[in-house]
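I have placed the structure first, in the form of structure tokens, so that the comments after it can refer back to it.
Residue numbers (the numbering used here): 2 to 317.
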């Protein structure tokens, strides 16, 4: 049986303003703060996880809070994050809602054969809202966004690279993705190549934008740190570790994140990939009803709680 990824697991981006970030994603976008924790490799920084009402894998948009300048856009990074809603009516609702919240948007128009809506957050984090008629949101009851309009989850995810060949080889030969189609990007010199994994559909697609004339990105706020892909459990993760190792790709090996177990490696254009397990999930240390309401620390950081809390800025 072919080892396959199940789709997008989460995407981790960067903010320099945690309080404004919290307000935008919970109030403007209506997502639920499902985990308030810290970057396990730099405990002076928050790691905020936003998701749907039941903290589903594939709905997690997460942020590291780093004191940094804005991202300089370019190649070698994730360039745009897809957010899925259920219908054209929902796209219309979101366009009106975002504009009434002083968030600029594009027109709703056909891109890649599908209707979509582009917008950015207050730091320039780029999003494309797309229609996923096959799925429905798992709503958060306390969201200011009506249940039928809430975000279903992530995807597709767009990567910006100067050349395709080596990245395509890793996606297809190592990660078992399928190349399905190509389409013209907005730049006259760019073309976008679509790769799908597992079940396919917008929640399981990577769109690789190839633009040789664009320089490298400089990381910062409004940019993306890494994208993670779904695997069911530790057994399957260890098969991925073996597969990546046999392909000669340097990796982190197995990394215990408590809420999931991970493997990290960079594809040939330098973009950081993670493969993460669906289990045990975010209710490992908090009941579903109160997710995100207090600072959660995995057991291996709990003994340092006092010093960690002292080093964090208050979240209003």
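For every residue, glycine included, the Cβ atom is placed at its ideal position computed from N, Cα and C.
Looking from the CA of residue 104, the closest CA among 150, 25, 166 belongs to 25.
For residue 309, no beta strand (DSSP E) run applies; the uninterrupted alpha helix (DSSP H) run containing it begins and ends at 306-311, by DSSP. Annotation: residue 223 to residue 83 spans about 15 angstroms, alpha carbon to alpha carbon.
Contact between residue 273 and residue 209 is absent: CB atoms are separated by about 15 angstroms, not below the 8 angstroms threshold. The alpha-carbon separation between residue 41 and residue 283 amounts to approximately 15 angstroms.
237 is the residue among 237, 122, 94 whose C-alpha sits nearest the C-alpha of residue 2. For residue 260, the number of other beta carbons within 10 angstroms of its own is at least 16, and it is reported as buried. Straight across, the Cα-Cα distance linking residue 5 with residue 176 is about 7 angstroms. Taking the CA atoms as reference points, residue 203 sits about 10 angstroms from residue 154.
DSSP places residue 167 in the uninterrupted alpha helix (DSSP H) bounded by 166-170. Taking 3 residues as the shortest admissible run, the stretch 59-132 contains the following complete beta strand (DSSP E) segments, listed from N- to C-terminal end: 61-66, 78-86, 110-112, 115-121, 127-132. Between the beta-carbon of residue 131 and that of residue 151 there is about 15 angstroms, and that puts the pair past the 8 angstroms contact cut. Taking C-beta atoms under 8 angstroms as the contact rule, residue 162 and residue 211 qualify, at a distance of about 6 angstroms.
A contact is defined here as three or more CB-CB pairs under 8 angstroms, and the stretch 246-265 fails this definition with respect to the stretch 65-80. The C-alpha of residue 265 is placed about 31 angstroms away from the C-alpha of residue 140. Here the stretch 251-258 does not lie against the stretch 288-297, with fewer than 3 beta-carbon pairs under 8 angstroms apart. Contact between residue 207 and residue 157 holds, with the beta-carbon distance rounding to 7 angstroms and staying under 8 angstroms. Sequence-distant Cβ neighbours of residue 89 in its own chain, meaning closer than 7 angstroms and more than five residues away, are 116, 132. The beta carbons of residue 199 and residue 191 sit no closer together than 8 angstroms. For residue 267 and residue 109, the gap between their C-alpha atoms comes out near 34 angstroms.
Residue 15 carries a strand assignment under DSSP once its states are collapsed to helix, strand and coil.
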